[in-house]
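Reading through the structure tokens given below for one structure.
Number of protein chains: 2
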Amino acid sequence: MLRVGKLTDYGTVVMTYLAREPEQMRSANDIAAELGLALPTVSKILKALLHHGLLVSHRGAKGGYTLAAPAEAISVAQIIAAIEGPIALTECSDTEGSCNQETGCSVRGNWQRINRAVREALENVSLAELARPVQPIRFMTPGALPSAGSL
Amino acid sequence: MLRVGKLTDYGTVVMTYLAREPEQMRSANDIAAELGLALPTVSKILKALLHHGLLVSHRGAKGGYTLAAPAEAISVAQIIAAIEGPIALTECSDTEGSCNQETGCSVRGNWQRINRAVREALENVSLAELARPVQPIRFMTPGALPSAGSL
DNA sequence: GATAAATAGTACCAAAATAGTCCACATTCA
DNA sequence: TGAATGTGGACTATTTTGGTACTATTTATC
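In order, the protein sequence lines correspond to chains A and B. Per my numbering, residue -19 is the first one in the first sequence, and the count goes up by one each step. Per my numbering, residue -19 is the first one in the second sequence, and the count goes up by one each step.
Here is the structure:
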């Protein structure tokens, strides 16, 4: 449940890679090679991240990308928004016409709260935390929670 | 960012409708007519909700559906999971092969925490809350938060 | 028992979103 | 000047999603 595109997943990986040595400028080519992804795909992701101010680019030979801010100041929410776009959980935002039912519309209103809750959860995870190696906080017996990693 | 299918949206509306008079059994036809949705679509949603134990069905003439539990005991997370399926935020769950990079994999591990945070946010909203009319908790000046309702 | 009204299950199609690629152009370093 | 690199946009193929149709099964009612 609750999907995020594959490109967004890549996006977090790319950002994490850049966060390892924030001062070091990396070309799209380097990143693609290092991460084992296709150059055009990486390029596309970098453009999106750049557009949303998460990266700084340097054109020309010896060019590349660096983080626009310290990893602590970049949230997962920003990364997702940059690539996924500002699409709400529900798509009923503008076209209210379809649901002229009192019941339905009150539901729609309450979705706002859900959206906010999820957004806050995402804003509270920084790129820095994402880049940290996984701390084995809890080892659960395999199979105990079948979909532990799923939403 | 962060999408939920249209069917899931309908699902919440259907559940909310049933929650209004929990004792009252409703046929798929009634629900479709009342909510202004196509019968086959509503039927599909009801089947999914039924399969996940959120509804109880009564077959045959005068049959229909009722909630399987009080609205307070059903979470939005359950509704979403029933219709959207247990798809994780990222799809890297099984096929670890594609990403053989240390950098990337540590990111993947950290996604678990994000998933959990979001899931908990969703589990903390019950169907009962969803069914409540929107309480105008705070009126914010329009435009102050451009994408207030989006994620 | 017969009949009508429902759900149950499954398969299918069309449309939309997504992933991924390619190319022509602009910029900068050596 | 030339090679390397980002920029922007268009394009295609694949996947996912939404929506529909059909048949079987169950049950209330007459």
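Where is the CB? At the ideal position from N, CA and C, for every residue including glycine.
Counting only the same chain and skipping the five closest in sequence on each side, list residues whose C-beta sits under 6 angstroms from that of A/Leu107. Indexing the first sequence from 1 puts residue 107 of chain A at position 127. Closer than 6 angstroms at Cβ, skipping near neighbours: Met(-5), Ala(-1), Ala51, Ile54.
Could you tell me if B/Val36 is buried or exposed, where buried requires 16 or more neighbouring beta carbons within 10 angstroms of its beta carbon? On the second sequence, residue 36 of chain B is found 56 positions in, with the first residue counted as 1. Looking at its Cβ environment, which holds fewer than 16 other Cβ atoms inside 10 Å, B/Val36 is exposed.
Assigned exposure category for A/Gln58 - 16 Cβ within 10 Å defines buried: Position 78 of the first sequence, counted from the start, is the residue given in the question as residue 58 of chain A. Its Cβ being crowded by 16 or more others within 10 Å, A/Gln58 is buried.
Near-chain B residues of the stretch 84 to 108 of chain A (beta-carbon distance less than 9 angstroms), N- to C-terminal order: Only Gly84, Cys85, Ser86, Val87, Arg88, Gly89, Asn90, Trp91, Gln92, Arg93, Ile94, Asn95, Arg96, Ala97, Val98, Arg99, Glu100, Ala101, Leu102, Asn104, Val105 from the stretch 84 to 108 of chain A bring a Cβ to less than 9 angstroms from some Cβ of chain B.
Cα-Cα separation between B/Leu30 and B/Glu64, rounded to whole angstroms: Taking the first residue of the second sequence as 1, we reach residue 30 of chain B at position 50. Taking the first residue of the second sequence as 1, we reach residue 64 of chain B at position 84. Distance between the alpha carbons of B/Leu30 and B/Glu64: 14 angstroms.
A/Leu(-18) touches chain B at which residues, Cβ-Cβ below 7 angstroms? Numbered from 1 along the first sequence, position 2 holds the residue referred to as residue -18 of chain A. Neighbours of A/Leu(-18) in chain B, taken as residues whose beta carbon is under 7 angstroms from its own, are Leu(-18), Val(-16), Ile60, Glu64, Leu69, Val98 in chain order.
Grab the span of the beta strand (DSSP E) containing A/Ser37 for me, first residue to last. Within the first sequence, residue 37 of chain A is the residue found at index 57, counting from 1. Segment 35 to 38, the beta strand (DSSP E) holding A/Ser37.
With 8 angstroms as the threshold, decide whether the Cβ of B/Thr(-8) is near any Cβ in chain A. What you label residue -8 of chain B is simply residue 12 of the second sequence in a count that begins at 1. Residue-level contact check: B/Thr(-8) touches chain A, since one or more beta carbons of chain A fall below 8 angstroms from its beta carbon.
Would you say B/Thr(-4) reaches chain A, if we count a Cβ-Cβ gap shorter than 8 angstroms as a contact? To locate residue -4 of chain B, count along the second sequence from 1; it is residue 16. For B/Thr(-4), the answer is yes, since a Cβ of chain A falls inside 8 angstroms of its Cβ.
Beta carbon proximity, B/Val56 to chain A, threshold 8 angstroms: Here the question's residue 56 of chain B lines up with position 76 in the second sequence. With 8 angstroms as the cut-off, B/Val56 counts as an interface residue toward chain A.
Would A/Val56 pass as a contact of A/Leu110 if the rule is Cβ separation under 8 angstroms? Taking the first residue of the first sequence as 1, we reach residue 56 of chain A at position 76. Taking the first residue of the first sequence as 1, we reach residue 110 of chain A at position 130. Inclusion of A/Val56 and A/Leu110 in the CB contact set at 8 angstroms is warranted, their separation being smaller than that value.
When you compare each of A/Thr(-12), A/Val87, A/Leu(-18) to A/Ala62 by their alpha carbons, which one comes out closest? Stepping through the first sequence from its first residue, residue 62 of chain A is reached at position 82. Considering only alpha carbons, the answer is A/Thr(-12).
Report back the beta-carbon spacing between A/Ile134 and B/Leu(-18) to the nearest angstrom; my notes put them in contact at under 8 angstroms. Because chain A is modelled from -19 through 131, residue 134 of chain A falls outside the range shown and cannot be assessed.
At a Cβ cut of 8 angstroms, what residues of the stretch 6 to 34 of chain B count as close to chain A, listed as they run along the chain? Listed by position along the chain: Glu14, Leu15, Gly16.
Please state the DSSP three-state secondary structure of B/Ser106. Translated into positions along the second sequence, residue 106 of chain B becomes position 126. In the displayed model, B/Ser106 falls within a strand according to three-state DSSP.
Nonlocal neighbours in the same chain, by C-beta distance under 6 angstroms from A/Gly(-9), ignoring five residues either side: As a working mapping, residue -9 of chain A is identified with position 11 in the first sequence. Ile25, Ile59, Ile63, listed in sequence order.
Is the CB-CB distance between B/Val(-7) and B/Leu15 below 8 angstroms? If you number the second sequence from 1, residue -7 of chain B lands on position 13. If you number the second sequence from 1, residue 15 of chain B lands on position 35. In this structure, B/Leu15 lies closer than 8 angstroms to B/Val(-7) by Cβ.
With 8 angstroms set as the bound, which would you pick, yes or no: does the beta-carbon of A/Leu(-13) sit closer than that to a beta-carbon of chain B? Position 7 of the first sequence holds residue -13 of chain A. With 8 angstroms as the cut-off, A/Leu(-13) does not count as an interface residue toward chain B.
Status (buried if at least 16 other CB within 10 Å, exposed otherwise) for B/Ala13: Against the second sequence, residue 13 of chain B aligns to sequence position 33. Counting Cβ neighbours within 10 Å, B/Ala13 comes out exposed, since fewer than 16 surround it.
Secondary structure at A/Val(-6), three-state DSSP: helix, strand or coil? Sequence index remark: in the first sequence, residue -6 of chain A carries index 14 (1-based). Annotated three-state conformation of A/Val(-6) is helix, per DSSP.
With DSSP run on the structure shown, which of helix, strand or coil describes B/Ser55? Residue 55 of chain B sits at position 75 when you count from the first residue of the second sequence. Residue state, collapsed to three classes: strand.
Have a look at the DSSP bridge pairing and note the partners of B/Leu47. For this step, residue 47 of chain B is matched to residue 67 along the second sequence. Residue pairing by DSSP puts B/Leu47 in a beta bridge opposite B/Leu35.
With distances taken between CB atoms, is the gap from B/Ala49 to A/Val105 smaller than 8 angstroms? For the purposes of this step, residue 49 of chain B is taken as residue 69 along the second sequence, with counting starting at 1. For the purposes of this step, residue 105 of chain A is taken as residue 125 along the first sequence, with counting starting at 1. Going by C-beta atoms, B/Ala49 is not nearer than 8 angstroms to A/Val105.
Quick check on A/Arg6: buried or exposed, where buried means 16 or more other Cβ atoms within 10 Å of its Cβ? Translated into positions along the first sequence, residue 6 of chain A becomes position 26. Residue environment analysis places A/Arg6 among the buried positions, since at least 16 neighbouring C-beta atoms fall within 10 angstroms of its C-beta.
Take B/Gly(-15) and list the residues in its own chain whose beta-carbon comes closer than 8 angstroms to its own, dropping the five residues that flank it on each side. For the purposes of this step, residue -15 of chain B is taken as the residue at position 5 of the second sequence. Taken in chain order, the residues that qualify are Ile63, Glu64.
Taking 8 angstroms as the threshold (C-beta atoms), are B/Leu47 and B/Pro2 in contact? On the second sequence, position 22 is the one that residue 2 of chain B refers to. On the second sequence, position 67 is the one that residue 47 of chain B refers to. Yes. Within cutoff.
Give the DSSP-derived three-state secondary structure of B/Arg88 in the structure shown. Along the second sequence, one-based indexing puts residue 88 of chain B at 108. Here B/Arg88 sits in helix by DSSP.
Terminal residues of the continuous alpha helix (DSSP H) containing B/Ala135? Lying outside -19 to 131, the shown extent of chain B, residue 135 of chain B is not represented and no answer is given.
Which partner residues of A/Arg93 appear in the DSSP bridge assignment? Along the first sequence, one-based indexing puts residue 93 of chain A at 113. DSSP lists no partner for A/Arg93.
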